[in-house]
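Just so we're aligned, residue 62 is where the sequence shown starts under my numbering, counting upward by one.
Backbone N, C-alpha and C fix where the C-beta goes; we use that ideal spot for every residue, glycine too.
From a predicted model like this one, the values you see are computed outputs, not experimental measurements.
Single-structure report; data block below.
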Amino acid sequence: MSDGDISQPLMHDDDVGQWIGDDSAKDSPCCRYFVGLLCAVACIAPLECVISWIAGVGHGKILCAAAFGVPIIACCILCFPISYDGETLESSGCCCGFRLNDAEFGINNYFQRLGTFAKAASSSGFGDDGTVAKFRVKLRGWFEDQTDGDPNIGTKFGANTQMVYSWSDCKQRMTAMGSRISQQTLKRENELALVVLNNSMGKFGLGTSNKAHSIVRPYLAHLFDCAEGEGWTFQRLQSQFEGFFADLDILDHNLVTRNVFDVVAPSKSKTIVTQMVLKILHRIALDMDINDEEAKELTAMQTTDLLPMACPLRIAKTFFMTACLTNPVRQQESKWCARYKRAIQAKWPVMAFHGGRPWNEASLNVTASAFLDAMLQAGGRSVPLAIDLVMGYMLSKNKPPCLNGVDFTNETNIKALLFEAMRYHPPVTTVPMWTRDTPD
């Protein structure tokens, strides 16, 4: 079908599958109340039985059975599996194991390695000479530990997978990605850096089908002027950030402590720079103004959206996780996608980059979902991190010696620091892909 043939839609609902922002999951406050009641009963029942036994009230064996039985029954209900459509992972082996593309991952070759990576990355301070950050040494050791013979190939994740370290090899592989995708010898799955995501929240944009990508790419690119800077000139961005910073008395920003607060108390999460970036990205991309509370909500969703998807599959499917986190967050995402769909149609009343077809629901859904992905797990997350890193070096009292005395009112020095910080602390650590020698 050519672009000129507008009598048929480019995509149907079956082509999209479960997308981020899909409103098929219905959030029920009653389920959360029931979960809270179960947790309360499981905690109180043993205590009540002990008190009754001490007071001589009731039969000892019955009280003992209740003290152990009630929490067990509550746990069984909370852990009851809830199915959802579109899952590409398969549970395998232990409670944390899963299979993807015939590759098996478990505690030893996946979760334990992610844990040691996080521990290495969180190392703070500098070495004895005051010039080399401890995390650099720890992370270098971690990547070296994944090798076996060839220092440029990490193999310890097993499951017929490799990590490629060489700059020239990485460049060659990434340059060839487009042609290999066309040849069906390379594909992306629902993955973000080292983390394999389940589909409990829908499929992340990087892992959607080629057909979905062909719809999304031109609109997502033109939302940001194809990097030409027509709607987001340097002067406009500078003016907007200056306005935000001028309103601050204290810059309270700490991405290290954010995750727990994002889940339990978003208003306490120290993510003011992230909120600024989200406001600006919405304004320049969709001409949409979001207020402080909406920016805080979106910022918290960067964590609450990722948490269920990064959990072991069996945990993500439990009644507890579904009722308390998955369904409520999916309802939030559905609300935002509905706003994005209206804004996208206001910007392009028809599918301007696909022959002027009218928008159908499937194409609109996947485009709005991709923009939400960009706000939650791509630019909306990595750009604030980049700004945070650069500001940290500029404002810290514990600068590396090479930065002492540097004039940061000079834009050339700021740009040089930015590039070095991105080399030294890359916000995106790995690019996962799956390859084969020949197409099916």
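Distances from the alpha-carbon of PHE302 to those of LEU339, LYS272, CYS287 and HIS274 put LEU339 closest. Linking SER457 to ARG403 through their CA atoms gives a straight-line distance of about 43 angstroms. When C-alpha distances from TRP420 are compared across TYR280, PRO369, ASP449 and MET436, the shortest belongs to TYR280. Within the same chain, ALA482 and HIS486 come within 7 angstroms of LEU450 by CB-CB distance, once the 5 residues on both sides are set aside.
Around the beta-carbon of LYS378, 16 or more other beta-carbon atoms lie within 10 Å, marking it buried.
Taking a contact to require three or more Cβ pairs closer than 8 angstroms, the segment 204-217 and the segment 455-469 do not qualify as touching.
A distance below 8 angstroms between beta-carbons, with the five flanking residues on each side excluded, links VAL277 to the following residues of its chain, in chain order: GLY266, THR269, VAL427, THR428 and ALA431. LEU253 carries a strand assignment under DSSP once its states are collapsed to helix, strand and coil. Its Cα nearest to that of THR499, the residue ARG241 stands out among CYS156, GLY263, ARG241 and HIS120.
Runs of the beta strand (DSSP E) lying entirely within the segment 195-253, each at least 3 residues long, are absent.
Judged by DSSP secondary structure, PHE414 falls outside any beta strand (DSSP E); it is assigned neither H nor E.
Taking a cut-off of 8 angstroms on C-beta distances, the segment 199-209 does not touch the segment 157-165, as fewer than three cross pairs fall below it. Per DSSP, reduced to three states, the secondary structure at PRO142 is strand. With respect to the 8 angstroms criterion, PHE196 and ALA179 are not classified as neighbours on the basis of their beta carbons. Looking from the CA of ALA435, the closest CA among GLN223, LEU247 and TYR401 belongs to TYR401.
Under the three-state reduction of DSSP, PRO462 is assigned to helix.
In the DSSP assignment, PHE159 falls within the unbroken beta strand (DSSP E) covering 159-161.
Bridge partners of ALA164 according to DSSP: LEU161. Of LEU247, ARG297, ASP353 and ILE345, the smallest CA-CA separation from CYS287 is found for ILE345.
Taking a C-beta distance under 8 angstroms as the contact criterion, GLU252 and PRO493 qualify as a contact pair. Under DSSP, THR496 shares a beta bridge with LEU247.
Cβ-Cβ distances below 8 angstroms link ASP350 to LYS340, HIS343 and ARG344 in the same chain, with the five nearest sequence neighbours on each side left out; the list follows chain order.
Leaving aside the five residues that flank THR491 on each side, the residues in its chain whose CB is nearer than 8 angstroms to its CB run, in chain order, MET224, ALA254 and LEU255. Under DSSP, GLU151 forms a beta bridge with ARG160. Taking a contact to require three or more Cβ pairs closer than 8 angstroms, the segment 242-249 and the segment 347-365 do not qualify as touching.
Secondary structure of THR332 (DSSP, three-state): strand. For TRP495, the closest alpha carbon among the candidates LEU298, MET238 and ALA447 is that of MET238. Counting along the chain, the unbroken alpha helix (DSSP H) around THR177 starts and ends at 173-182.
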